[in-house]
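Some notes on the structure that comes next.
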Amino acid sequence: MSRLPWHVHPLALLLVLGLGTFQVVTTKDSRRRRYAVFASLLLLVSVTWPLGDLAATVSLTAATLQRLLLMLAWAPLWLKSLSVPLVARLTRPALIDGVLRRLAHPVVAVLVVTVLGTLTLLTPVVDLAAHSSLARGGVVLLTALLGVVLWFPVEATIPGSRRLSPLGRAGYLFVASLVVTSLSIIWIFARHPLYPALHDQQTILGISALLDQQLAGFLAKLGAFVPLWITAVVIFSRADRVGEAQESPLTWVDVERHFERSRRRRPPVEERPGG
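Take 264 as the starting number for the sequence shown in this note's numbering and just add one per residue.
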């Protein structure tokens with residue numbers, strides 16, 4: 264690790280600090296503030312030295328760890344930290360509400376995460392990100408957003424979105440664990456390195472590029488299966504204890520959003536002459 268130059272990453276620090284501060288000041292709930300602090304720390308670890316630098320140009324294993332932290336740890340904490348009134352206000356416009364409502368559907372969420380997530384792992388994309396800080400920032404941002412989409416059906420963050428039963432959420436998380444790192448099997452069994460832009464593994468980490476790639480495949484599998492399956496079991500067992508009705512309550516924000524959508528779908532009433 265001593266051979267990896269230390270970088271400050273001032274822009275990343277500024278963005279993380281700004282996002283965390285915004286989340287803390289926009290909610291009065293102490294629990295949500297704690298979620299915001301933890302989410303900010305995870306984001307900081309994911310995008311700065313050393314993990315961010317290793318993931319950018321050196322190690323596929325580091326890139327996989329960064330991906331898992333963003334999608335499976337930061338994303339759910341960030342969603343939990345959001346103020347409900349703020350989310351309701353920001354998602355009220357019809358276009359935004361329509362897009363997010365569709366993304367919150369379990370099937371759509373899985374498809375979007377699978378397709379776009381796989382694209383970010385293709386060799387040309389990884390090579391481009393390794394040579395361009397702008398492209399690298401775009402890939403990291405897209406990965407974080409895909410993590411948010413992945414957790415939409417579980418957290419039911421979007422007002423008026425479909426609320427899955429505990430069994431439905433557990434099943435969704437099981438399926439999600441299979442798609443988070445869709446190329447991991449290829450990484451494990453490939454006979455040569457697939458990402459030439461990732462280099463110096465031997466010098467910095469003391470392992471070959473091929474071994475780094477294989478370790479990334481195993482990390483992707485275990486790093487997705489273990490936390491998501493544990494979360495699924497916890498959700499289902501908790502629902503079994505307290506009852507399904509208490510597990511997914513319908514809030515007033517949801518009811519209000521349903522009324523707003525009904526008004527938008529209702530055709531305007533034309534006034535009759537002389538009426």
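A virtual CB, placed ideally from N, CA and C, is assigned to each residue, including glycine.
Residue span of the alpha helix (DSSP H) that contains residue i, given as start and end
i	result
G283	P273 to V288
W414	S396 to E418
G380	P369 to T383
I448	S447 to F452
Y435	P429 to V442
I359	A357 to L366
L328	L323 to L331
L267	Premise fails: L267 is in no alpha helix (DSSP H) and is neither H nor E.
L353	V347 to L353
R297	S293 to V310
L314	L314 to T320
S344	A338 to S344
Rounded C-alpha distance that separates residue i from residue j
i	j	result
V516	F301	26 Å
W450	R296	38 Å
T304	L358	The amino acid at residue 304 is misidentified as Thr; the sequence shows Leu. Looking at the two C-alpha atoms, the distance is approximately 32 Å.
L382	L409	12 Å
D316	T354	35 Å
S525	D360	13 Å
Y435	R266	42 Å
A502	L335	22 Å
L328	A483	8 Å
R520	R528	12 Å
Q509	F488	Residue placement at Q509 cannot be trusted, given a pLDDT of 47 that sits under 50; what the coordinates show is reported in the next sentence. Each residue's alpha carbon lies about 27 Å from the other.
D460	L278	For the sequence presented, residue 460 should be read as Ala rather than Asp. C-alpha separation (whole angstroms): 27 Å.
A407	F452	27 Å
R364	A319	33 Å
H272	T420	31 Å
Q286	A351	15 Å
L413	L374	10 Å
A377	L384	It should be noted that the sequence gives Thr, not Ala, for residue 377. Spanning the two alpha carbons is a distance of roughly 11 Å.
E523	A338	28 Å
H270	V308	13 Å
T284	R454	46 Å
T466	D390	20 Å
L485	Q464	22 Å
A392	T514	42 Å
T491	G431	Note that residue 491 is Leu in the sequence shown here, rather than Thr. Taking the straight line joining both Cα atoms gives about 14 Å.
S500	P268	47 Å
L280	L340	16 Å
I577	P356	Within the shown structure, residues of the chain are numbered from 264 to 538, placing residue 577 beyond reach of any answer.
L333	V518	31 Å
Beta-carbon gap between residue i and residue j smaller than 8 Å
i	j	result
L388	V402	The displayed chain sequence assigns Val, not Leu, to residue 388. For V388 and V402, yes; Cβs fall inside 8 Å.
A299	L314	no
L342	L379	no
A367	P416	yes
S322	L457	no
I498	P429	yes
L276	T311	yes
Cβ-heavy atom distance, residue i to the ligand MN, below 7 Å
i	result
G315	As far as ligands go, the structure on display features none, and thus does not contain the ligand MN.
Secondary structure, alpha helix (DSSP H): runs of 4+ residues fully inside the region 463–526
464–467, 472–505 and 507–510
Report yes or no: do the region 287–296 and the region 337–355 share at least 3 C-beta pairs separated by less than 8 Å?
yes
Can we say the region 439–451 touches the region 469–483, given the rule of at least three CB pairs closer than 8 Å?
yes
Pairs of beta-carbons, one from the region 419–431 and one from the region 396–410, closer than 8 Å: are there three or more?
no
Is it a yes or a no for the region 433–442 touching the region 463–475, going by three-plus beta-carbon pairs under 8 Å?
no
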